[in-house]
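Protein chains: 2
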Amino acid sequence: MFEAAELGHEISKEDYDAREPILREALLDAQLDLLEQKRQSVVVILGGVDAGGKGDVLNLLHEWLDPRHVTTYALAAPLGEDHGRPDFYRFWRALPPAGKISIFVGSWYTNPILDRVFGRIPTSDLDRHMRRAVLFERMLSSENVVVLKFWLHLSKKSKKKRLDELSKSDKTSWRVTDADWENHKRYDKFRKVSERALRESSTAEAPWIVVEASNPRYRDLTIATTLEQSIRARLPEASPTHANHAPALPAPIDDRRILSSLDLDKTIEPAVYSDKLPTLQGKLNLLFREPGMKKRSVVAVFEGMDAAGKGGAIRRVTHALDARQYRVVPIAAPTDEEKARPYLWRFWRNLPGHGSMTIYDRSWYGRVLVERIEGFCDTNDWMRAFGEINEFEEQLAESGVIIVKFWLQTSKEEQLARFEAREKTGFKRHKIGPEDWRNREKWEAYEHAASEMIERTSTEFSPWTIIEANDKKHARIKILETLVETIDDAF
Amino acid sequence: MFEAAELGHEISKEDYDAREPILREALLDAQLDLLEQKRQSVVVILGGVDAGGKGDVLNLLHEWLDPRHVTTYALAAPLGEDHGRPDFYRFWRALPPAGKISIFVGSWYTNPILDRVFGRIPTSDLDRHMRRAVLFERMLSSENVVVLKFWLHLSKKSKKKRLDELSKSDKTSWRVTDADWENHKRYDKFRKVSERALRESSTAEAPWIVVEASNPRYRDLTIATTLEQSIRARLPEASPTHANHAPALPAPIDDRRILSSLDLDKTIEPAVYSDKLPTLQGKLNLLFREPGMKKRSVVAVFEGMDAAGKGGAIRRVTHALDARQYRVVPIAAPTDEEKARPYLWRFWRNLPGHGSMTIYDRSWYGRVLVERIEGFCDTNDWMRAFGEINEFEEQLAESGVIIVKFWLQTSKEEQLARFEAREKTGFKRHKIGPEDWRNREKWEAYEHAASEMIERTSTEFSPWTIIEANDKKHARIKILETLVETIDDAF
Chain P
40 MFEAAELGHE ISKEDYDARE PILREALLDA QLDLLEQKRQ SVVVILGGVD AGGKGDVLNL
100 LHEWLDPRHV TTYALAAPLG EDHGRPDFYR FWRALPPAGK ISIFVGSWYT NPILDRVFGR
160 IPTSDLDRHM RRAVLFERML SSENVVVLKF WLHLSKKSKK KRLDELSKSD KTSWRVTDAD
220 WENHKRYDKF RKVSERALRE SSTAEAPWIV VEASNPRYRD LTIATTLEQS IRARLPEASP
280 THANHAPALP APIDDRRILS SLDLDKTIEP AVYSDKLPTL QGKLNLLFRE PGMKKRSVVA
340 VFEGMDAAGK GGAIRRVTHA LDARQYRVVP IAAPTDEEKA RPYLWRFWRN LPGHGSMTIY
400 DRSWYGRVLV ERIEGFCDTN DWMRAFGEIN EFEEQLAESG VIIVKFWLQT SKEEQLARFE
460 AREKTGFKRH KIGPEDWRNR EKWEAYEHAA SEMIERTSTE FSPWTIIEAN DKKHARIKIL
520 ETLVETIDDA F
Chain A
40 MFEAAELGHE ISKEDYDARE PILREALLDA QLDLLEQKRQ SVVVILGGVD AGGKGDVLNL
100 LHEWLDPRHV TTYALAAPLG EDHGRPDFYR FWRALPPAGK ISIFVGSWYT NPILDRVFGR
160 IPTSDLDRHM RRAVLFERML SSENVVVLKF WLHLSKKSKK KRLDELSKSD KTSWRVTDAD
220 WENHKRYDKF RKVSERALRE SSTAEAPWIV VEASNPRYRD LTIATTLEQS IRARLPEASP
280 THANHAPALP APIDDRRILS SLDLDKTIEP AVYSDKLPTL QGKLNLLFRE PGMKKRSVVA
340 VFEGMDAAGK GGAIRRVTHA LDARQYRVVP IAAPTDEEKA RPYLWRFWRN LPGHGSMTIY
400 DRSWYGRVLV ERIEGFCDTN DWMRAFGEIN EFEEQLAESG VIIVKFWLQT SKEEQLARFE
460 AREKTGFKRH KIGPEDWRNR EKWEAYEHAA SEMIERTSTE FSPWTIIEAN DKKHARIKIL
520 ETLVETIDDA F
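Residue numbers (my numbering), protein chains in the order written: chain P, 40 to 530; chain A, 40 to 530.
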């Protein structure tokens, strides 16, 4: 992989001086078009050997591009609020909005490579990290994020030479740290591990571009040219539509689905309810005071048909808790900061820290429910969402998040009764509008989509719990019981 | 202060049942109008004695209001990313956007009161915290945030009774913690300290409303009614304009100002520049590796006339640092999440954590420069900004932030030369547009506003450094020297 980057590529000063102004103008033009179209964003990963000149390249890009629309991140290690959240939290937080560019000098590659070089993880773990990177970048690419990965390479000899040169002068010796020399002793190991990492994570959507770094002019022109061409190549197209590429998912021939086979009329005696409710709330409260909770967090997802009783159920849960232990995130229209990024971004930004719970009142499943049914996204978009969501939840589970997902289902008749009751009661009238009536007409489509969603996204680390919700009291008790059991089991 | 809340206020069940539906509908109406007008937001502080029923009130508000537009925060103690940032960081982050409501059950009052009760701070510190709260709420109020502060009060006797009742039943005993009993021993001290805190922080904009909490029906109706009336009272008005209330600031009679009395032609020899630049960059780099830096952070502000060389100077600074040590925040048009909150919010959200630097390329001073000159805000708004900015920077300084502020000044002739050069060079053309030419026509107004800004916001904890910038090299060296000296002095 690195042989082609040891050929001694060079660009003369004259050649460079002739190309520079033309390239700068083209690059800037591409950036301004990117900004104006506001459809794509760009992620640049700058990896490679120490002393390969990452700092110089960074500086060049900030000078050649309009720096107001470029942000650089060095996120190798998690910091502050990153602790207690999944490893990819910090990368999600740093994704650029449409039109803008994020440069990562510490990325999702940094730690896996270092950990493998220093023997802290086996090769199988390195490969696992690379597969995760591939999935992440595939999602980014589908979500209109251009991913460009540069690897600055130096042969062992030229790297040693460069370190020596920098160390010699008083004015540049501060650029070489003890860690640089320590790493250099492991050059061969670094090379071997990086080669594997790059090979495993080079894909059609986001190939690695290895750049020989011994001649700064060659290095800079290569990177700037690639950046300009890559932005330009993605610009003219409209947002790619795959509407017809995805095969239709077959509906069950006998029309039997999970959600149409439920006994929705399960009830609970009011007296039993009054007894069980505070008991379960007490249990839930005590679970949040357990020492084990200090290293865990809870994500609770509430989905269901309109008027199925999500709000009332959520209040029965939060009443058991101290306000500092939970946050309810109602999913309404995204803000412009959210709209400009991949659809999962707004959920990542609200993930709970250790010891607390985020309750999502509707969630990322909107992608495979309302967006699917209303055609707000392409078929391919909601079809790939099943896999993206499972991957997202797996990352949550791996980082210690306890995930509980509820689907609240009423009968169509019960929904009608509740709609009518809402229209009659002054302080409930805001809960019912023309949109609810329109959705009701699509009852079967929602039931079909929800059934498929439950089937495709019930995993061992994040199963769905279906709540028969014609009786609100039954629903609330089953939800609290499930929460208490799941959290208890997790300890 | 608490006598009126020990009168034994009571509401009968019949009376409550008669009022409830009317009040709920009125409250919800007020909230929906708030949401629709999107001009004001509401901050509710819920303080008071343990067992006063904060949890119940919270639950009630979430049930009576549309909970999708209400967020509850319990921010007594700093968490995760709050560490290493000023104390008010977490409260700023939690401010609601226009149209929405934030409820604080742990607020800027919680820790000062606890610290005083437990003897960790003297009364003078409590008073200082209260003055800070008053300034904060005055700013919020001017920025269209309605601040409502409720204090739930119970006499010593009724508080004891309530704790006993809760403890007796299996179903509610979990609601009483050991800390509640510990605190109860200090009831008299709590009462005395709270009384002082409330008195010192009751203002016309945001008075404390003490609510007797022994009768839940009385408590709930009082709070809901007050909330409804307060939202309603602020709604019909347009955003208050004080344009004519503020006295004009006198210009110096002889027209001599700080910025018109500079020697702008200071230069530096190119050879000296080439020598000093890397030396200073090395020094800056080493300062960021000092152990002392682990508990400090740096905020650098770059302001100046158009084309004064801010971008080039910033790059000379960042080139000395590792990408994980700094962040450049260019101030362009605010996003909708930013526009919906007080103007300082977008700067708070970008404050650096320990060990790192945020460089603001233009800053909060836009309020007293472009917004003042272009009339984007009322006279009263930019006039109060001087005090608000000094208060903001004092909070930064107190929390260990090293603040360095640069004003880059060129002559009017030099600016013209640079504008013309930009128009001639392809890759610089994006840096010049009609707006720059328009601003140039207002040169004197900007010089006057900037002179006044420097005078009013140069403080011992955050002085301005004026940079004579006709010679770019001179400017860059003076900036690096100032940075190095200021950081070095701070250790």
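Glycine is no exception: its CB is placed at the ideal position from the N, C-alpha and C atoms.
In chain C, which residues lie with their C-beta within 9 Å of the C-beta of residue 120(P)? Here chain C cannot be found, since the structure's protein chains are P and A.
How many angstroms separate the CA atom of residue 300(P) from the CA atom of residue 408(P)? Counting from one through the first sequence, the residue named residue 300(P) turns up at place 261. Counting from one through the first sequence, the residue named residue 408(P) turns up at place 369. Taking the straight line joining both Cα atoms gives about 19 Å.
Taking beta-carbon pairs under 7 Å, can you tell me which members of the segment 308-333 of chain P lie near chain A? Within the segment 308-333 of chain P, the qualifying residues are 317, 318, 321, 324 and 325.
Quick check on the DSSP output: what are the complete beta strand (DSSP E) runs of length 3 or more inside the segment 88-161 of chain A, in order along the chain? Listed in chain order, they are 109-113 and 140-145.
Whose C-alpha, out of 449(P), 394(P) and 384(P), is nearest the C-alpha of residue 347(P)? If you number the first sequence from 1, residue 347(P) lands on position 308. Nearest of 449(P), 394(P) and 384(P) to residue 347(P), Cα basis: 449(P).
Which one of 311(P), 389(P), 328(P) and 403(P) has the shortest CA to CA distance from residue 341(P)? Indexing the first sequence from 1 puts residue 341(P) at position 302. Proximity to residue 341(P) across 311(P), 389(P), 328(P) and 403(P) peaks at 403(P), based on C-alpha coordinates.
Below 8 Å between beta carbons: does that hold for residue 244(A) and residue 176(A)? Translated into the one-based positions of the second sequence, residue 244(A) becomes position 205. Translated into the one-based positions of the second sequence, residue 176(A) becomes position 137. Yes.
Which residues of chain A have a Cβ atom closer than 9 Å to the Cβ of residue 210(P), listed in chain order? As a first step, residue 210(P) is located in the first sequence; it is residue number 171 there, counting from the start. 314, 316, 317, 318, 320 and 321, listed in chain order.
May I have a chain-ordered list of the alpha helix (DSSP H) segments no shorter than 4 residues that lie completely inside the segment 463-504 of chain P? Entirely contained in the segment 463-504 of chain P, the alpha helix (DSSP H) runs reaching 4 residues are, in chain order, 473-480 and 482-496.
Measure from the C-beta of residue 529(A) to each C-beta in chain P and report whether the shortest distance is under 8 Å. As a working mapping, residue 529(A) is identified with position 490 in the second sequence. Not an interface residue.
Can you have a look at residue 70(A) and say buried or exposed, based on whether 16 or more other CB atoms are within 10 angstroms of its CB? Residue numbering aside, residue 70(A) sits at position 31 when the second sequence is read from its first letter. By the Cβ-count criterion, residue 70(A) is buried, with 16 or more other Cβ atoms from all chains shown falling within 10 Å of its own Cβ.
Which residues of the segment 374-392 of chain P have a Cβ closer than 8 Å to any Cβ of chain A? Give them in chain order. Within the segment 374-392 of chain P, the residues whose Cβ lies closer than 8 Å to some Cβ of chain A are 374, 375, 376 and 392, listed in chain order.
Cα separation between residue 327(A) and residue 396(A)? Taking the second sequence and counting its residues from 1, one reaches residue 327(A) at position 288. Taking the second sequence and counting its residues from 1, one reaches residue 396(A) at position 357. Rounded to the nearest angstrom, the two C-alpha atoms are 9 Å apart.
Near residue 444(A), what residues of its chain come up, given a Cβ to Cβ distance below 6 Å and the 5 sequence neighbours on each side ignored? Along the second sequence, read from residue 1 onward, the residue named residue 444(A) stands at position 405. 340 and 503, listed in sequence order.
Quick check on residue 157(A): buried or exposed, where buried means 16 or more other Cβ atoms within 10 Å of its Cβ? Translated into the one-based positions of the second sequence, residue 157(A) becomes position 118. Residue 157(A) is exposed by the Cβ-count criterion.
Among 461(P), 166(P) and 453(P), the one whose alpha carbon lies nearest that of residue 473(P): Locating residue 473(P) in the first sequence gives position 434, where the first residue counts as 1. Distances from the CA of residue 473(P) to each of 461(P), 166(P) and 453(P) were compared; the closest alpha carbon is that of 461(P).
Do residue 383(P) and residue 427(P) have their CB atoms nearer than 8 Å? One-based indexing of the first sequence puts residue 383(P) at position 344. One-based indexing of the first sequence puts residue 427(P) at position 388. In contact: residue 383(P) and residue 427(P) (Cβ atoms closer than 8 Å).
Assess, as a yes-or-no matter, whether the segment 104-120 of chain P is touched by the segment 350-369 of chain P under the definition of 3 or more beta carbon pairs within less than 8 Å. No, the segment 350-369 of chain P is not in contact with the segment 104-120 of chain P.
Ordered list of alpha helix (DSSP H) runs contained in the segment 344-428 of chain A, each at least 4 residues: Segments of the alpha helix (DSSP H) lying fully in the segment 344-428 of chain A: 349-357, 375-378, 384-387 and 409-413.
One question on the structure: do residue 439(P) and residue 106(A) come within less than 8 Å of each other, judged by their Cβ atoms? Stepping through the first sequence from its first residue, residue 439(P) is reached at position 400. Stepping through the second sequence from its first residue, residue 106(A) is reached at position 67. The answer is no: Cβ separation not under 8 Å.
Closest by CA to residue 479(A), which one among 250(A), 455(A) and 187(A)? The residue labelled residue 479(A) in the question sits at position 440 within the second sequence. Comparing alpha carbon positions, the residue from 250(A), 455(A) and 187(A) closest to residue 479(A) is 455(A).
Smallest Cα separation from residue 605(A): which of 140(A), 139(A), 52(A) and 172(A)? There is simply no residue 605(A) to check, as chain A begins at 40 and stops at 530 in what is shown.
Among 227(A), 379(A), 66(A) and 188(A), nearest to residue 82(A) - alpha-carbon criterion: Taking the first residue of the second sequence as 1, we reach residue 82(A) at position 43. Of the candidates 227(A), 379(A), 66(A) and 188(A), the one whose C-alpha sits nearest the C-alpha of residue 82(A) is 188(A).
Should residue 204(A) be flagged as near chain P, meaning a C-beta pair shorter than 8 Å? Taking the first residue of the second sequence as position 1, residue 204(A) is located at position 165. Judged by the 8 Å Cβ criterion, residue 204(A) is not in contact with chain P.
For chain P, is any of its Cβ atoms less than 8 Å away from the one on residue 218(A)? Indexing the second sequence from 1 puts residue 218(A) at position 179. So, not an interface residue.
Beta-carbon neighbours of residue 358(A), restricted to chain P and to distances below 8 Å: Within the second sequence, numbered from 1, the residue matching residue 358(A) stands at position 319. By Cβ distance, chain P contributes 94 and 98.
How about residue 247(P) and residue 241(P): do their beta carbons lie closer than 8 Å? Within the first sequence, residue 247(P) is the residue found at index 208, counting from 1. Within the first sequence, residue 241(P) is the residue found at index 202, counting from 1. Yes, they are a contact pair.
Consult DSSP for residue 61(A) and reduce its assignment to one of helix, strand or coil. Here the question's residue 61(A) lines up with position 22 in the second sequence. In the structure shown, residue 61(A) sits in a helix (DSSP, three-state: H, G or I).
Check the DSSP bridge columns for residue 86(P) and list the partner residues they point to. Counting from one through the first sequence, the residue named residue 86(P) turns up at place 47. Assignment of beta-bridge partners to residue 86(P) by DSSP yields 190(P).
Within 9 Å of chain A by C-beta, residues of the segment 156-167 of chain P in sequence order: Answer set for the segment 156-167 of chain P: empty.
At the 8 Å Cβ level, is residue 223(P) part of the contact set with chain A, yes or no? Here residue 223(P) corresponds to residue number 184 of the first sequence, with the count starting at 1. Judged by the 8 Å Cβ criterion, residue 223(P) is not in contact with chain A.
Give the secondary structure of residue 184(P) by DSSP, where H, G and I count as helix, E and B as strand, and everything else as coil. Translated into the one-based positions of the first sequence, residue 184(P) becomes position 145. Strand, per DSSP.
Could you have a look at residue 300(A) and say whether DSSP puts it in helix, strand or coil? Indexing the second sequence from 1 puts residue 300(A) at position 261. In this structure, residue 300(A) counts as helix in the three-state DSSP scheme.
Examine chain P for any beta-carbon lying closer than 8 Å to the beta-carbon of residue 525(A), and answer yes or no. Taking the second sequence and counting its residues from 1, the one referred to as residue 525(A) is at position 486. Not closer than 8 Å to any Cβ of chain P, the Cβ of residue 525(A) fails to qualify, so no.
CB contact flag (residue 225(A), residue 352(A), <8 Å): Taking the second sequence and counting its residues from 1, one reaches residue 225(A) at position 186. Taking the second sequence and counting its residues from 1, one reaches residue 352(A) at position 313. Not closer than 8 Å, so no.
Residue 190(P) and residue 250(P) - do their beta-carbons sit closer together than 8 Å? For this step, residue 250(P) is matched to residue 211 along the first sequence. For this step, residue 190(P) is matched to residue 151 along the first sequence. Result yes, Cβ atoms of residue 250(P) and residue 190(P) sit closer than 8 Å.
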